[in-house]
Amino acid sequence: MLHGCSGCGYFNKSQGNQCVFKDDAVNETAARMREADGIILASPTYFGGIAGTTKAFLDRVFFSSRAYFRYKVATAVSVVRRAGGVDVYRQLQNYLELSETIMPPSQYWMTVFGLSEGEVLQDKEGIQTVRKNARAMAWQLKVIDAGKQAVPAPQAEEKIQTNFIR
Ligand SMILES: Cc1cc2nc3c(=O)[nH]c(=O)nc-3n(C[C@H](O)[C@H](O)[C@H](O)COP(=O)(O)O)c2cc1C
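Last residue of the sequence shown: 165 (numbering that gives the first Met the number 0), numbering continuous.
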């Protein structure tokens, strides 16, 4: 069973920005994502949105670890039977945008159509979209790796947080 995010902010006080719930895969997966050069998020489409357990997982991973994902190359893809896939893709992109990741381009929105296992392979245009995105991602990773000594990343800034209360 996966916990939803309680918004407790425990990660701010904890050693190594841990999520407070330690009995599932969130902290372990977040640690692996911190080490990775690139991140790929994927979700099926459930009632026009990200699948519930996936959302619970992503809320907690990105709330506690997004500071570690800055300038990683990252992309997202949704799977859908019929409608709502673009919404899910946009929802997945929110995590990547708010983590200051670098998102590779493609020719169309990253959503592929299918229901049973392997059916997406028949979605030739969708698969081409994913393939072009994957190639762009691999290229961006190599460009960043080749250039990072010569062209350092921008300095991080202290976060300014303003709440629109009044
Ligand atoms: C709870 C639930 C809600 C779903 N909602 C949608 C939907 O809004 N639009 C759609 O096209 N397909 C919908 N589907 C079909 C899934 O998008 C489809 O099963 C998915 O491509 C396969 O991913 P999965 O086998 O990993 O769940 C839904 C399926 C489930 C189980």
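Every residue, glycine too, gets a C-beta built ideally from N, C-alpha and C.
Remember, it's a predicted structure, so these values are computed and weren't measured experimentally.
(1) Could you tell me if residue 81 is buried or exposed, where buried requires 16 or more neighbouring beta carbons within 10 angstroms of its beta carbon?
(2) Between which two residues does the alpha helix (DSSP H) carrying residue 56 extend?
(3) Near ligand 1, which residues have their beta-carbon less than 6 Å from any of its heavy atoms, given in chain order?
(4) Would you give the residue range spanned by the beta strand (DSSP E) that residue 128 belongs to?
(5) Using the C-alpha atoms, what's the distance from residue 78 back to residue 105?
(6) Determine the closest residue to residue 140 out of 76, 38, 18, 15, with distance taken between C-alpha atoms.
(7) If residue 88 and residue 109 are in contact, beta carbons under 8 Å, what's the gap, nearest whole angstrom?
(8) Determine the extent of the alpha helix (DSSP H) in which residue 166 is found, giving its start and end residues.
(9) Sort 69, 90, 26 by Cα distance to residue 51 and report the nearest one.
(10) Pairs of beta-carbons, one from the stretch 69-78 and one from the stretch 4-20, closer than 8 Å: are there three or more?
(11) Flag this pair as yes or no: are the beta carbons of residue 100 and residue 71 separated by less than 9 Å?
Here's the rundown:
(1) Walking along the sequence shown from the start, residue 81 turns up at place 82. Exposed: under 16 other Cβ atoms inside 10 Å.
(2) By one-based count along the sequence shown, residue 56 stands at place 57. Residues 51-64.
(3) That query returns the following residues: 43, 44, 45, 46, 47, 78, 79, 80, 81, 82, 83, 113, 114.
(4) For this step, residue 128 is matched to residue 129 along the sequence shown. No beta strand (DSSP E) holds residue 128; the alpha helix (DSSP H) holding it covers 123-146.
(5) In the sequence shown, the residue the question calls residue 105 occupies position 106. In the sequence shown, the residue the question calls residue 78 occupies position 79. Computed Cα separation, rounded: 16 Å.
(6) Walking along the sequence shown from the start, residue 140 turns up at place 141. Comparing Cα-Cα distances from residue 140 to each of 76, 38, 18, 15, the minimum goes to 38.
(7) Indexing the sequence shown from 1 puts residue 88 at position 89. Indexing the sequence shown from 1 puts residue 109 at position 110. 5 Å between Cβ atoms; contact.
(8) With the chain running from 0 to 165 in the structure shown, residue 166 is simply not present.
(9) The count along the sequence shown starts at 1 and reaches residue 51 at position 52. The shortest Cα separation from residue 51 among 69, 90, 26 belongs to 90.
(10) The stretch 69-78 vs the stretch 4-20: no contact.
(11) Taking the first residue of the sequence shown as position 1, residue 100 is located at position 101. Taking the first residue of the sequence shown as position 1, residue 71 is located at position 72. Residue 71 is positioned such that its CB atom lies closer than 9 Å to that of residue 100.
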